[in-house]
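All remarks here apply to the structure that follows.
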Amino acid sequence: MKMPALVAHRGQMENYPENSLPALEAALQCGAHNVEFDVQSTADGVLVVFHDVELERVTGVAGNLFEMPFEVLKTIRVSEPGRFPKNAFSEPVPTLNNVVNLLLRYPDATAFVEIKNESVDRFGVDTTCKQLLKEIEPIAQQAVVISFHKEAIQYVRDNSVLKTGYVLEKYDLQHHGFAQQLRPDYLIVNHTKLIKDEAPWAGDWEWMLYDITDPKLCCEYANHVALIETRDICSMLKHPLFAQKP
570 MKMPALVAHR
580 GQMENYPENS
590 LPALEAALQC
600 GAHNVEFDVQ
610 STADGVLVVF
620 HDVELERVTG
630 VAGNLFEMPF
640 EVLKTIRVSE
650 PGRFPKNAFS
660 EPVPTLNNVV
670 NLLLRYPDAT
680 AFVEIKNESV
690 DRFGVDTTCK
700 QLLKEIEPIA
710 QQAVVISFHK
720 EAIQYVRDNS
730 VLKTGYVLEK
740 YDLQHHGFAQ
750 QLRPDYLIVN
760 HTKLIKDEAP
770 WAGDWEWMLY
780 DITDPKLCCE
790 YANHVALIET
800 RDICSMLKHP
810 LFAQKP
């Protein structure tokens with residue numbers, strides 16, 4: 570049985586605020602060969618590693634990324650108050666450049682860089698994706714650009730040699746058609762959307778599923794998918810099913 574490789578979903582987010590530098594570095598330090606993180610844009614066009622447009626869930630501070638310049642955002646700390654005790658973490662929102670510099674210290678790690686729909690829709694495909702490609706150029710050999718946004722994936726395919734991954738909103742015939750048009754290197758979907766006991770669509774792509782924290786559940790997808798995203802990669806890597814993987 571060939572087990573899928575693991576991807577740290579927003580870093581080691583089980584123990585650290587998601588998409589924070591400590592979450593990403595913790596995943597890399599415990600042996601993750603793949604990390605995934607989200608990219609949004611501030612009001613003045615600074616690309617930051619952040620999932621939501623609204624700040625409150627991750628920072629405890631009310632505000633909207635699209636209405637906030639980076640000079641203000643950089644004073645706000647990532648803490649995820651709904652998950653962690655008060656004052657447990659006090660990290661700034663990382664810029665994409667911060668994370669690129671981190672990854673340069675881990676040249677064997679692959680980064681799945683997700684450009685979020687909201688930023689592409691707000692600031693435009695050309696503007697957002699052009700800047701993204703420029704900023705990740707130092708890690709081009711280890712980067713895969715992923716998105717739910719079809720036009721963003723097409724832009725990356727047309728304007729770079731980077732690998733791409735298309736994240737599916739739905740697992741249906743329409744999205745299968747989109748995948749066939751885009752021809753990404755990876756198709757990515759929440760594992761709960763797949764049809765039980767049926768192999769996922771065959772194609773020139775590889776599959777990545779999210780978010781799974783049960784090593785035994787991964788066995789159900791062995792030999793069918795290449796990658797599994799997990800919020801708790803450090804624990805998963807210690808499990809006997811994965812501990813023997815090179």
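Going by the numbering used here, the residue at position 31 of the sequence shown is 600; the numbering climbs one at a time, nothing skipped.
For every residue, glycine included, the Cβ atom is placed at its ideal position computed from N, Cα and C.
- If the five residues before and after residue 646 are omitted, its C-beta is found closer than 7 Å to the C-beta atoms of 628, 659, 660 and 661, all from its own chain and listed in chain order.
- Between residue 576 and residue 763, the gap from beta carbon to beta carbon reaches 8 Å or more.
- Cβ-Cβ separation between residue 704 and residue 616: approximately 6 Å, consistent with a contact (criterion under 8 Å).
- Pairing residue 707 with residue 751 gives a Cβ-Cβ distance that is not under 8 Å.
- With distances taken between CA atoms, residue 681 lies nearest to 618 out of 618, 792, 747 and 742.
- Between the alpha carbons of residue 739 and residue 667 lies a distance of about 32 Å.
- The three-state secondary structure of residue 773, taken from DSSP, is coil.
- Counting the other CB atoms within 10 Å of its CB gives residue 579 a total of 16 or more, which places it among the buried residues.
- If you ignore the 5 residues before and after residue 781, its C-beta comes within less than 7 Å of the C-beta of 760, 787, 797 and 799, all in its own chain and listed in chain order.
- Ranked by how close their Cα comes to the Cα of residue 794, the residues 804, 806, 624 and 768 have 768 in first place.
- Non-local C-beta neighbours of residue 582 in its own chain, meaning closer than 7 Å and more than five positions away in sequence, comprise 592 and 800, ordered along the chain.
- Cβ neighbours of residue 623 within its own chain (closer than 7 Å, five residues either side excluded): 633.
- A residue is called buried when at least 16 other Cβ atoms come within 10 angstroms of its Cβ; residue 625 does not meet this threshold and is exposed.
- Apart from sequence neighbours up to five positions away, the residues of its chain that approach residue 804 with a beta-carbon distance below 8 Å are 583 and 782, ordered along the chain.
- Cβ contact annotation for residue 631 (same chain, cutoff 6 Å, sequence separation greater than five): 625, in chain order.
- Residue pairing by DSSP places residue 693 in no beta bridge whatsoever.
- Contact check for residue 683 and residue 608: beta-carbon distance about 6 Å, within the 8 Å limit, so the pair qualifies.
- Counting along the chain, the unbroken beta strand (DSSP E) around residue 578 starts and ends at 574 to 578.
- As the crow flies, the alpha-carbon of residue 792 is around 11 Å from that of residue 776.
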